[in-house]
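Okay, so here's the structure we're looking at.
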Amino acid sequence: MREEVKADIIKLIDENRSPWVKAAFYSDSKVSPILERLIGEWESRGRQGIPLDYASDEELETLHEIARRYAYMSDEEARSIAWSTSESKGEGSFLGFIRRLLRKS
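Each number in the numbering used here corresponds to the 1-based position in the sequence shown with 175 added.
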């Protein structure tokens, strides 16, 4: 079950054709703190597997529920959400997340 949920999150978000859906998902106020924790755990374990491997069942269900909500949004709706979230957080969680991954590569 866990593997199916992780695969579905990846399919819905990471393999989504829209960069705006990805940006809206990753900047979501519930997603950002979960991913911060997962990435920290993943990094501390030598980047073994993928960050989703370190999620609790509850975190996976939360991420899956939110991914299903964002996956089928129009680009316009997702862009609006991504921009409004970034503006309210200054740099924005999505940009911080990307910079953190690139900095450590």
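C-beta atoms are modelled at their ideal positions from N, C-alpha and C, and glycine is treated no differently.
- Straight through space, the alpha carbons of Glu251 and Tyr229 are spaced by roughly 32 angstroms.
- The shortest C-alpha to C-alpha distance from Ile184 to any of Ser259, Pro226 and Ser255 is the one to Pro226.
- In this structure, Leu187 lies away from Ile209, with their beta-carbon atoms at least 8 angstroms apart.
- When the Cα atoms are used, Ala198 and Arg254 turn out to be separated by approximately 8 angstroms.
- Under the criterion of beta carbons closer than 8 angstroms, Ala257 and Ser202 qualify as touching, at roughly 6 angstroms.
- The residues Gln223, Gly224, Ile225, Pro226, Asp228 and Tyr229, in chain order, have a CB closer than 8 angstroms to that of Trp217 in the same chain once the five nearest residues on each side in sequence are set aside.
- The DSSP-derived three-state label of Arg254 is helix.
- Per DSSP, Ser219 is one residue of the alpha helix (DSSP H) stretching across Val206 to Ser219.
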